[in-house]
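A.B. asks:
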Amino acid sequence: MATITEQRLLPLRLEAAPLSVPLTGRFVYRTDRPYEVAVDFRGAGTHLARWVFSRELLLDGQTAATGEGDIQVWPRWSGSEPRVLLGFSNGEQSCVVSARAKDVRELCRRMTELVPRGQERRHYDLDAELSALLTF
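The sequence shown: position 131 = 130 (numbering that gives the first Met the number 0), numbered continuously.
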């Protein structure tokens, strides 16, 4: 099965009281890694961070708070436009970024179009992953 990679560049905001700072997030979803989504954060032309997390967090976080520990996702309907917030913490530092809900909805639509929920195992070769781990 050929790997399909979906990349989306989304405008984000770093939610830092009392201001919000514009960022860009490059979200990457690969059908050969169907359980995860990666995001690279850029601000002022500089790569700031890369996080990889469960796509389920993004899918479920559109409508309800989800996640424990390092990454949490939740919707916010107040204000001029609905947004999805993503909270990241490494134990020492934390931040919250937000994206327009419609952008997240479109990204999630495309991810589930490529790999429907419940069909992830058809795209992921666990035996190959285990073999690669045992080769070391």
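Where is the CB? At the ideal position from N, CA and C, for every residue including glycine. Source: prediction; values computed, not measured.
Taking the beta carbon of G24 as the centre, do at least 16 other beta carbons fall within 10 Å, making it buried, or is it exposed?
C.D. replies: That one is buried.
A.B. asks: Can you give me the C-alpha to C-alpha distance between G44 and L11, rounded to a whole angstrom?
C.D. replies: Using only the alpha carbons, I get a separation of about 14 Å.
A.B. asks: Taking the alpha-carbon of W76 as reference, which of L58, Q92, K101 and I3 has the nearest alpha-carbon?
C.D. replies: W76 has its Cα closest to that of K101, out of L58, Q92, K101 and I3.
A.B. asks: How would you label Y138, buried or exposed, when you count the other beta carbons within 10 angstroms and need 16 or more for buried?
C.D. replies: Lying before the first or after the last residue shown, residue 138 is absent from the chain, which here runs from 0 to 135.
A.B. asks: If you draw a straight line from the C-alpha of F52 to the C-alpha of C107, how long is it?
C.D. replies: Their backbone Cα atoms lie some 14 Å apart in a straight line.
A.B. asks: Round the Cβ separation of P33 and E112 to the nearest angstrom and send it over; I've been treating them as touching at under 8 Å.
C.D. replies: 12 Å between Cβ atoms; not a contact.
A.B. asks: Can you find a heavy atom of the ligand PLP that lies under 8 Å from the Cβ of V38?
C.D. replies: Absence of the ligand PLP from the depicted structure is noted, as is the absence of any ligand whatsoever, leaving it without description.
A.B. asks: Going by C-alpha to C-alpha distance, which of R109, A15, G68 and R99 sits closest to E91?
C.D. replies: Considering only alpha carbons, the answer is G68.
A.B. asks: Between the Cα of T30 and those of Q61, T2 and H46, spot the shortest distance and give me the residue it belongs to.
C.D. replies: T30 has its Cα closest to that of T2, out of Q61, T2 and H46.
A.B. asks: Check whether the Cβ atoms of L57 and V96 lie closer than 9 Å to each other.
C.D. replies: Contact: no.
A.B. asks: Where does E35 fall in DSSP's three states?
C.D. replies: E35: strand per DSSP, three-state reduction.
A.B. asks: Tell me whether the beta-carbon of Q71 lies closer than 9 Å to the beta-carbon of A64.
C.D. replies: In contact: Q71 and A64 (Cβ atoms closer than 9 Å).
A.B. asks: Does DSSP put G86 in a helix, a strand or coil?
C.D. replies: Looking at G86 - three-state DSSP - the assignment turns out to be strand.
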